[in-house]
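Participant:
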Amino acid sequence: GAGVSQSPSNKVTEKGKDVELRCDPISGHTALYWYRQRLGQGLEFLIYFQGNSAPDKSGLPSDRFSAERTGESVSTLTIQRTQQEDSAVYLCASSLGPGQVTSYEQYFGPGTRLTVT
Amino acid sequence: GQNIDQPTEMTATEGAIVQINCTYQTSGFNGLFWYQQHAGEAPTFLSYNVLDGLEEKGRFSSFLSRSKGYSYLLLKELQMKDSASYLCAVRDAYSGAGSYQLTFGKGTKLSVIP
Numbered sequence: 026g027a028g029v030s031q032s033p034s035n036k037v038t039e040k041g042k043d044v045e046l047r048c049d050p051i052s053g054h055t056a057l058y059w060y061r062q063r064l065g066q067g068l069e070f071l072i073y074f075q076g077n078s079a080p081d082k083s084g085l086p087s088d089r090f091s092a093e094r095t096g097e098s099v100s101t102l103t104i105q106r107t108q109q110e111d112s113a114v115y116l117c118a119s120s121l122g123p124g125q126v127t128s129y130e131q132y133f134g135p136g137t138r139l140t141v142t
Numbered sequence: 157g158q159n160i161d162q163p164t165e166m167t168a169t170e171g172a173i174v175q176i177n178c179t180y181q182t183s184g185f186n187g188l189f190w191y192q193q194h195a196g197e198a199p200t201f202l203s204y205n206v207l208d209g210l211e212e213k214g215r216f217s218s219f220l221s222r223s224k225g226y227s228y229l230l231l232k233e234l235q236m237k238d239s240a241s242y243l244c245a246v247r248d249a250y251s252g253a254g255s256y257q258l259t260f261g262k263g264t265k266l267s268v269i270p
């Protein structure tokens with residue numbers, strides 16, 4: 026079956042521009058996570074969505090970062106006024122919702138490699 | 157907060173056994189995960205330990221000691237395709253209800269040589 030998909034796979038943008046990254050989770054997965062992976066660093070949690078509940082935004086590094094999710098489907102991560110330190114691979118993951126036996130298992134997408142010049 | 161340490165790189169021979177260690181210091185703990193990530197690809201789930209002891213799954217096993225803040229991933233009968241980065245991650249006890257937000261270590265790059 027289809028896995029988590031992300032687009033674009035690569036994005037090069039100029040400092041100061043806004044970018045929008047997209048994630049399509051696995052159908053039926055109510056939980057969705059965004060992570061950032063900088064070169065040589067571990068994955069950093071950014072934001073968590075579960076169903077129609079208010080998202081957990083505790084990992085967003087600044088107010089330039091925002092994310093939305095429509096119901097239990099597509100999510101978009103928006104970075105405004107990009108800076109060079111935003112250069113990283115942005116990974117999306119989805120999983121079954123709380124209470125499901127394997128809700129702990131996150132399925133990752135291939136990521137979007139963002140380069141800010 | 158969380159601090160997770162694992163070796164940066166390891167090399168092992170095809171057919172051998174390798175153990176990748178992970179230590180963590182956390183303000184709360186609610187489970188430890190191992191993920192495999194091939195270069196340029198998405199991480200894939202390997203194991204989840206929430207109680208002390210060894211969990212075996214085919215050639216891969218994962219061990220947890222909560223009192224020592226320590227885990228290891230054991231890979232047996234190494235194959236060339238096992239060359240990848242292995243990511244240790246911890247679930248914070250203070251994650252929101254139902255959330256499995258994870259804090260990841262920097263990963264251990266394993267190279268399997270003939």
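Top to bottom, those sequences are chains A and B. According to the working numbering, the first sequence is numbered sequentially starting from 26. According to the working numbering, the second sequence is numbered sequentially starting from 157. Glycine residues also receive a C-beta, built at the ideal position from the N, C-alpha and C atoms. These numbers were taken from a predicted model, which means no experiment stands behind them.
Roughly how many angstroms lie between the CA atoms of Tyr132(A) and Gln158(B), to the nearest whole one?
Facilitator: Rounded to the nearest angstrom, the two C-alpha atoms are 23 angstroms apart.
Participant: Relative to the C-alpha of Gly134(A), which residue among Ala118(A), Val141(A), Gly84(A) and Ser128(A) is closest?
Facilitator: Out of Ala118(A), Val141(A), Gly84(A) and Ser128(A), Ala118(A) has the C-alpha closest to the C-alpha of Gly134(A).
Participant: Counting only Cβ-Cβ distances shorter than 9 angstroms, please list the residues of the segment 92-116 of chain A near chain D, keeping chain order.
Facilitator: No chain D is part of this structure, whose protein chains are labelled A and B.
Participant: Return helix, strand or coil for Glu130(A), following the three-state DSSP convention.
Facilitator: If DSSP states are grouped into helix, strand and coil, Glu130(A) belongs with coil.
Participant: Going by C-alpha to C-alpha distance, which of Gly65(A), Gly67(A), Ser100(A) and Arg61(A) sits closest to Pro80(A)?
Facilitator: Checking every option, the nearest Cα to that of Pro80(A) belongs to Ser100(A).
Participant: Residues in the same chain with beta-carbon distance under 7 angstroms from Leu116(A), minus the five sequence neighbours each way, listed in chain order, please.
Facilitator: Counting only Cβ-Cβ distances below 7 angstroms, and skipping sequence neighbours, we find Tyr60, Gln62, Leu68, Phe133, Gly134 and Gly136.
Participant: Indicate whether Leu229(B) and Cys244(B) have their beta-carbon atoms separated by less than 9 angstroms.
Facilitator: A contact, by the Cβ cut-off of 9 angstroms.
Participant: Name, going along the chain, the residues of the segment 229-242 of chain B whose beta-carbon falls closer than 7 angstroms to a beta-carbon of chain A.
Facilitator: Residues: none.
Participant: At least one CB of chain B closer than 9 angstroms to the CB of Ser128(A): is that the case?
Facilitator: It does: the Cβ of Ser128(A) has a partner Cβ on chain B nearer than 9 angstroms.
Participant: I'd like the ranges of any beta strand (DSSP E) spanning at least 3 consecutive residues and lying wholly in the segment 162-228 of chain B.
Facilitator: Counting only runs of 3 or more, we get 165-169, 174-182, 188-193, 200-205, 209-213 and 216-221.
Participant: Let's test the definition: count the other Cβ atoms within 10 Å of the Cβ of Gly209(B) and tell me whether it reaches 16, buried, or not, exposed.
Facilitator: It is exposed - the Cβ of Gly209(B) has fewer than 16 other Cβ atoms within 10 Å.
Participant: Taking buried to mean at least 16 other C-beta atoms within 10 Å of its own C-beta, is Ala240(B) buried or exposed?
Facilitator: Buried.
Participant: Which bits of chain B does Gly136(A) rub up against, with CB to CB less than 8 angstroms?
Facilitator: Ala198, listed in chain order.
Participant: I'd like the span of the beta strand (DSSP E) that includes Val29(A), first residue to last.
Facilitator: Element bounds for Val29(A): n/a, residue is neither H nor E.
Participant: Do Thr95(A) and Val44(A) have their CB atoms nearer than 9 angstroms?
Facilitator: No. Outside cutoff.
Participant: Report yes or no: is there a C-beta of chain A within less than 9 angstroms of the C-beta of Lys213(B)?
Facilitator: Cβ-Cβ to chain A under 9 angstroms: no for Lys213(B).
Participant: Does any CB atom of chain B fall closer than 9 angstroms to the CB of Asp49(A)?
Facilitator: Answer no: the Cβ-Cβ gap between Asp49(A) and chain B never drops below 9 angstroms.
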